[in-house]
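Q:
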Ligand SMILES: Cc1cc2nc3c(=O)[nH]c(=O)nc-3n(C[C@H](O)[C@H](O)[C@H](O)COP(=O)(O)OP(=O)(O)OC[C@H]3O[C@@H](n4cnc5c(N)ncnc54)[C@H](O)[C@@H]3O)c2cc1C
Ligand code: FES
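Residue numbers (the working numbering), protein chains in the order written: chain A, 1 to 669; chain B, 1 to 139.
In structure tokens:
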């Protein structure tokens with residue numbers, strides 16, 4: 001019979017402040033199979049772990065139960081202690097009496113103690129039936145994938161590549177760069193965004209270890225840490241990128257127009273276009289959704305022949321291309337092409353999007369002179385639609401008065417409860433830049449409160465006040481369109497305690513940062529989880545900020561939560577370091593919590609085969625008939641086959657039926 | 001003494017178990033009625049486990065998993081969902097009120113929801129009274 005050692009943790013006063021630890025210990029001691037039951041102030045401390053190791057070495061115990069916090073953080077620590085003591089580390093079970101007991105039942109210490117006894121008994125029941133298991137090791141493909149080519153993805157890719165790992169950088173737009181490429185200057189130093197980003201983009205484009213896959217998206221992900229197979233779909237560019245030199249002649253001649261997303265819709269681009277002037281790679285694409293098929297040149301059709309000259313008639317883009325990269329006669333597959341990549345780890349850096357003004361009826365979104373802060377970035381950028389001149393959209397007029405509104409859609413129950421973290425700072429940046437350029441411009445800023453917690457940030461904000469920018473604390477209730485194009489702002493000044501009203505020419509909404517389009521679909525392909533509905537969830541908010549619940553998958557940048565460029569770059573470098581660990585180790589451990597078929601019990605019915613989400617089960621001949629076999633490298637241990645098997649022929653190691661029945665029995669005793 | 005139900009919960013380790021931990025982090029109060037058994041996925045839970053818990057006198061049984069679409073194993077919870085109809089019938093056939101059993105989707109970010117579900121389920125079972133099997137055993 002198993003000799004179970006039970007170790008009950010006080011966790012300082014976290015547990016002992018509510019639960020009668022001694023009562024739990026004494027109760028455990030009475031249960032069958034329990035050899036020793038001890039308690040300690042902190043079981044995870046050196047002395048606590050030593051207590052367990054000593055009991056193992058003394059031959060007192062061969063199964064260990066620790067009643068403490070949660071296995072989600074501490075199971076690895078205690079498993080390592082078992083191994084150090086000389087016991088198979090899978091002969092361990094944890095009873096969660098803190099996170100799921102003392103912390104939530106502080107109002108009922110007696111009930112909490114009774115619950116702790118049951119939970120401990122359940123863990124003892126399971127532990128008594130545990131069997132030793134062995135870790136498996138598999139070889140790793142030494143290559144990484146980074147999804148999303150914003151500043152976060154670019155830095156993650158560069159770090160991985162500099163460490164010597166082949167890295168694929170997948171970006172769905174024609175160029176890498178992300179939102180930072182759209183920004184004019186960046187707080188808190190006001191350096192020009194393009195000046196600091198472009199060289200890094202070029203580095204990524206030229207790095208021998210980086211392969212850029214732009215205009216591409218992840219279609220499917222299979223496998224596990226060390227051995228992912230990723231299908232990437234490159235969208236159809238309709239221009240031969242091997243020949244395209246990025247001269248832009250096709251775009252110049254293309255007559256079709258559509259709103260330019262890079263300029264946040266403030267101007268139009270052509271159907272044939274280059275993403276932006278500093279694009280990497282600098283290649284043109286034809287957006288077939290906007291293409292008007294000049295000269296009847298639908299893709300894949302032969303050119304018409306001119307009756308006059310007898311010459312074929314080509315579309316302007318074809319004629320313009322000096323490199324001969326456009327041939328509309330080719331029947332190109334609109335679905336693009338699929339590339340299959342083998343990688344060992346993946347960094348997701350898919351960023352964010354800002355909310356559109358249309359969501360906010362109270363701010364007259366139908367007015368041209370109400371714009372989002374991202375649109376303002378384009379409006380003041382030298383590469384923007386006005387060449388950097390601040391003009392009220394749709395007019396040739398400079399504004400006399402302009403208004404900034406903070407927290408539009410952030411910290412607002414109707415939309416997002418989170419703080420978008422960068423808005424206060426970029427609004428101050430925009431106001432400072434404009435005040436420097438146009439000293440006569442009257443700038444009014446309305447904040448709920450100013451959040452400037454970064455290094456050098458508060459100084460940056462105080463500086464704005466000294467420049468004569470008017471800063472109000474309080475909400476803007478609404479705006480009203482006035483004849484002639486101006487707007488009446490109705491706000492509240494909390495410091496003066498009075499409502500204020502004034503006319504303004506241009507209104508800037510600092511709209512909330514939210515998850516990127518397609519984030520949900522990507523999450524489903526990769527197995528990523530969300531925090532609420534907003535951003536991808538990291539493994540642990542403090543100790544696992546770049547890891548996720550999927551081993552081998554890491555996060556960087558705003559896809560994990562709103563953050564500024566310094567924080568994005570830091571996290572990207574952290575994610576790259578974490579993603580490089582399996583690649584440099586060359587082998588990864590596969591936990592043996594997997595399913596296995598007992599062939600002698602298997603009837604060969606095949607029910608399990610289609611149930612497996614990973615296609616890991618097949619029927620193979622065994623003795624007289626075909627029976628199910630599970631490919632251990634494909635299995636992830638969900639146990640769906642185990643629970644469906646009518647012959648009880650499949651065991652899920654670590655969650656065997658008799659172990660769970662023992663838990664049920666203990667909980668209902 | 002007031003009847004305090006004994007609820008056995010099967011919680012998938014990726015969502016509901018994490019949600020229950022989060023309830024702890026947030027110090028959301030709920031009655032100490034539920035005791036969780038951690039399983040890899042809600043799809044791991046065999047219908048027999050639920051029946052066994054009821055047959056042994058549990059006043060209520062909860063299966064908690066990830067929201068549909070969020071299962072760590074792609075579609076494990078679809079299978080859980082598909083089994084539910086059958087399971088409810090098996091529970092009734094075994095002579096139990098199927099309201100003693102619940103399937104809930106609680107994500108790792110829904111600590112508050114976990115506490116609310118347990119509180120509400122506890123109230124519901126209090127109304128149903130103790131598991132009738134226990135009464136028989138007591139006779
Ligand atoms: C108006 C405004 C002003 C700002 N000003 C500043 C400032 O002055 N200083 C500062 O520090 N920060 C500033 N920020 C914040 C800054 O923009 C972000 O910190 C930074 O862009 C985050 O980088 P990222 O790589 O995480 O995301 P992104 O820049 O959003 O990049 C993500 C990339 O991933 C791609 N992508 C998305 N989904 C997929 C997919 N499924 N497959 C493939 N590719 C995908 C996108 O196309 C994009 O290229 C500002 C933000 C805004 C909105
Ligand atoms: S992992 Fe949570 S339901 Fe499948």
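In this text, a Cβ means the ideal position worked out from N, Cα and C, and glycines have one as well. Since we're looking at a predicted model, the values are computed, not measured.
Is the closest heavy atom of ligand 1 to the C-beta of residue 565 (chain A) under 7 Å?
A: On the first chain, residue 565 (chain A) is found 565 positions in, with the first residue counted as 1. Residue 565 (chain A): yes, Cβ under 7 Å from ligand 1.
Q: Beta carbon of residue 254 (chain A): closer than 7 Å to some heavy atom of ligand 1?
A: Taking the first chain and counting its residues from 1, the one referred to as residue 254 (chain A) is at position 254. Answer for residue 254 (chain A): no, Cβ out of range of ligand 1.
Q: For residue 116 (chain B) and chain A, any beta-carbon pair shorter than 8 Å?
A: For this step, residue 116 (chain B) is matched to residue 116 along the second chain. No, residue 116 (chain B) does not count as interfacial toward chain A.
Q: Helix, strand or coil for residue 636 (chain A) per DSSP?
A: Locating residue 636 (chain A) in the first chain gives position 636, where the first residue counts as 1. It is coil, neither helix nor strand.
Q: Are the C-beta atoms of residue 93 (chain B) and some chain A residue less than 8 Å apart?
A: Counting from 1 along the second chain, the entry for residue 93 (chain B) is found at position 93. Among the residues facing chain A, residue 93 (chain B) is not included, as its CB has no counterpart in that chain under 8 Å away.
Q: Three Cβ pairs or more, each shorter than 8 Å: is that satisfied between the stretch 573-580 of chain A and the stretch 519-537 of chain A?
A: no
Q: So what's residue 298 (chain A) in DSSP terms, helix, strand or just coil?
A: Start at 1 with the first residue of the first chain, and residue 298 (chain A) comes out as number 298. Reduced to three states, the DSSP call for residue 298 (chain A) is coil.
Q: Output, in chain order, the set of chain B residues within a Cβ distance shorter than 9 Å of residue 658 (chain A).
A: Locating residue 658 (chain A) in the first chain gives position 658, counting from the first residue. By Cβ distance, chain B contributes nothing, its closest Cβ being about 12 Å from residue 658 (chain A), past 9 Å.
Q: Taking Cβ-Cβ distances shorter than 7 Å, what residues in chain A pair up with residue 106 (chain B)?
A: Working through the second chain from its first residue, we reach residue 106 (chain B) at position 106. Those within 7 Å of residue 106 (chain B) in chain A number zero; the least Cβ separation is about 12 Å.
Q: Specify the secondary structure class of residue 102 (chain A) as computed by DSSP and reduced to three states.
A: Start at 1 with the first residue of the first chain, and residue 102 (chain A) comes out as number 102. Here DSSP, grouped into helix, strand and coil, assigns residue 102 (chain A) to helix.
Q: Could you tell me the distance, in whole angstroms, from the CA atom of residue 117 (chain A) to the CA atom of residue 606 (chain A)?
A: Here residue 117 (chain A) is taken as the residue at index 117 of the first chain, counted from 1. Here residue 606 (chain A) is taken as the residue at index 606 of the first chain, counted from 1. So the alpha carbons of these two residues sit roughly 42 Å apart.
Q: Considering only C-alpha positions, which residue in the set A:36, A:46 and A:49 is nearest to residue 59 (chain A)?
A: Position 59 of the first chain, counting from 1, holds the residue named residue 59 (chain A). Residue 59 (chain A) has its Cα closest to that of A:36, out of A:36, A:46 and A:49.
Q: Given that residue 37 (chain B) touches chain A, what residues does it touch there, using C-beta distances under 9 Å?
A: Taking the second chain and counting its residues from 1, one reaches residue 37 (chain B) at position 37. The answer, in chain order, is 122, 126, 660, 663, 664 and 667.
Q: Quick check on residue 89 (chain A): buried or exposed, where buried means 16 or more other Cβ atoms within 10 Å of its Cβ?
A: One-based indexing of the first chain puts residue 89 (chain A) at position 89. When all chains shown are included, residue 89 (chain A) counts as buried.
Q: Does at least one heavy atom of ligand 1 sit under 7 Å from the Cβ of residue 172 (chain A)?
A: The residue labelled residue 172 (chain A) in the question sits at position 172 within the first chain. At least one heavy atom of ligand 1 is nearer than 7 Å to the Cβ of residue 172 (chain A), so yes.
Q: Examine the Cβ distances between the stretch 254-264 of chain A and the stretch 377-391 of chain A and report whether three or more of them are shorter than 8 Å.
A: With the cut-off at 8 Å, the stretch 254-264 of chain A and the stretch 377-391 of chain A touch.
Q: So, using beta-carbon positions, are residue 170 (chain A) and residue 197 (chain A) closer together than 8 Å?
A: Along the first chain, one-based indexing puts residue 170 (chain A) at 170. Along the first chain, one-based indexing puts residue 197 (chain A) at 197. Contact: no.
Q: What residues in its chain sit with their C-beta under 6 Å from that of residue 159 (chain A), if we drop five residues either side in the sequence?
A: Walking along the first chain from the start, residue 159 (chain A) turns up at place 159. Closer than 6 Å at the Cβ level, and outside the excluded window around residue 159 (chain A), lie 573 and 576.
Q: At a CB distance below 7 Å, what residues from the stretch 39-56 of chain B approach chain A? Give them in sequence order.
A: 39, 40, 41, 43, 44, 45, 46, 49, 52, 53 and 56
Q: Listed in chain order, which residues are found with a beta carbon closer than 6 Å to a heavy atom of ligand 2?
A: B:12, B:14, B:15, B:41, B:42, B:43, B:65, B:66, B:71, B:72, B:73, B:76 and B:77
Q: Please report the Cβ distance between residue 619 (chain A) and residue 604 (chain A), rounded to the nearest whole angstrom; I am assuming they are in contact, meaning their Cβ atoms lie under 8 Å.
A: Reading the first chain from its first residue, position 619 is the one you call residue 619 (chain A). Reading the first chain from its first residue, position 604 is the one you call residue 604 (chain A). With a Cβ gap of about 6 Å, residue 619 (chain A) and residue 604 (chain A) count as contacting.
Q: Tell me which residue opens and which closes the beta strand (DSSP E) that residue 102 (chain B) is part of.
A: Position 102 of the second chain, counting from 1, holds the residue named residue 102 (chain B). 101-105 is the extent of the beta strand (DSSP E) around residue 102 (chain B).
Q: Tell me whether residue 445 (chain A) is buried or exposed, calling it buried when 16 or more other Cβ atoms sit within 10 Å of its Cβ.
A: Your numbering for residue 445 (chain A) matches position 445 in the first chain. Under this definition residue 445 (chain A) is a buried residue.
Q: Mind checking whether the beta-carbon of residue 262 (chain A) lies closer than 7 Å to any heavy atom of ligand 1?
A: Taking the first chain and counting its residues from 1, the one referred to as residue 262 (chain A) is at position 262. Incorrect: residue 262 (chain A) has no Cβ contact closer than 7 Å to ligand 1.
Q: What are the boundary residues of the alpha helix (DSSP H) that residue 77 (chain B) is part of?
A: Sequence index remark: in the second chain, residue 77 (chain B) carries index 77 (1-based). Residue 77 (chain B) -> alpha helix (DSSP H) spans 76-93.
Q: Leaving out five residues on either side along the sequence, give the residues of the same chain with a beta carbon under 8 Å from the beta carbon of residue 138 (chain B).
A: Locating residue 138 (chain B) in the second chain gives position 138, where the first residue counts as 1. With a pLDDT of 44 at residue 138 (chain B), under the threshold of 50, the modelled position of this residue cannot be trusted, and the question is left open.
Q: Under 8 Å, do residue 559 (chain A) and residue 516 (chain A) count as touching if we go by C-beta distance?
A: Taking the first residue of the first chain as position 1, residue 559 (chain A) is located at position 559. Taking the first residue of the first chain as position 1, residue 516 (chain A) is located at position 516. Yes, the Cβ-Cβ distance between residue 559 (chain A) and residue 516 (chain A) is below 8 Å.
Q: Are residue 351 (chain A) and residue 152 (chain A) touching if we call contact CB-CB under 8 Å?
A: Residue numbering aside, residue 351 (chain A) sits at position 351 when the first chain is read from its first letter. Residue numbering aside, residue 152 (chain A) sits at position 152 when the first chain is read from its first letter. The answer is yes: Cβ separation under 8 Å.
Q: Taking one C-beta from the stretch 498-511 of chain A and one from the stretch 356-373 of chain A each time, how about it: are there three or more such pairs within less than 8 Å?
A: yes
Q: For residue 537 (chain A), return the contacting residues in chain B, with the cut-off set at a CB-CB distance below 8 Å.
A: Here the question's residue 537 (chain A) lines up with position 537 in the first chain. Per Cβ cutoff of 8 Å: 108 and 109.
Q: Let's test the definition: count the other Cβ atoms within 10 Å of the Cβ of residue 72 (chain B) and tell me whether it reaches 16, buried, or not, exposed.
A: Residue numbering aside, residue 72 (chain B) sits at position 72 when the second chain is read from its first letter. It is buried - the Cβ of residue 72 (chain B) has at least 16 other Cβ atoms within 10 Å.
Q: Going along the chain, which residues of its own chain have a beta-carbon closer than 6 Å to the beta-carbon of residue 499 (chain A), five neighbours each way excluded?
A: The residue given as residue 499 (chain A) occupies position 499 in the first chain. 492, listed in sequence order.
Q: Using a Cβ-Cβ cutoff of 9 Å, what residues of the stretch 222-246 of chain A are near chain B? List them in chain order.
A: none
Q: Step through the CB atoms of chain A and report whether any lies within less than 8 Å of the CB of residue 79 (chain B).
A: Working through the second chain from its first residue, we reach residue 79 (chain B) at position 79. Chain A, which has a Cβ nearer than 8 Å to the Cβ of residue 79 (chain B), makes this yes.
Q: Residue 138 (chain B) by DSSP, collapsed to three states: which one?
A: Residue mapping note: residue 138 (chain B) aligns to position 138 of the second chain, counting from 1. Here residue 138 (chain B) scores only 44 on pLDDT, less than 50, and its place in the model should not be relied on; the value that follows carries that caveat. Reduced to three states, the DSSP call for residue 138 (chain B) is helix.
Q: For residue 585 (chain A), which of A:468, A:97 and A:165 has the nearest alpha-carbon?
A: Position 585 of the first chain, counted from the first residue, corresponds to residue 585 (chain A). Cα-wise, what sits closest to residue 585 (chain A) is A:165.
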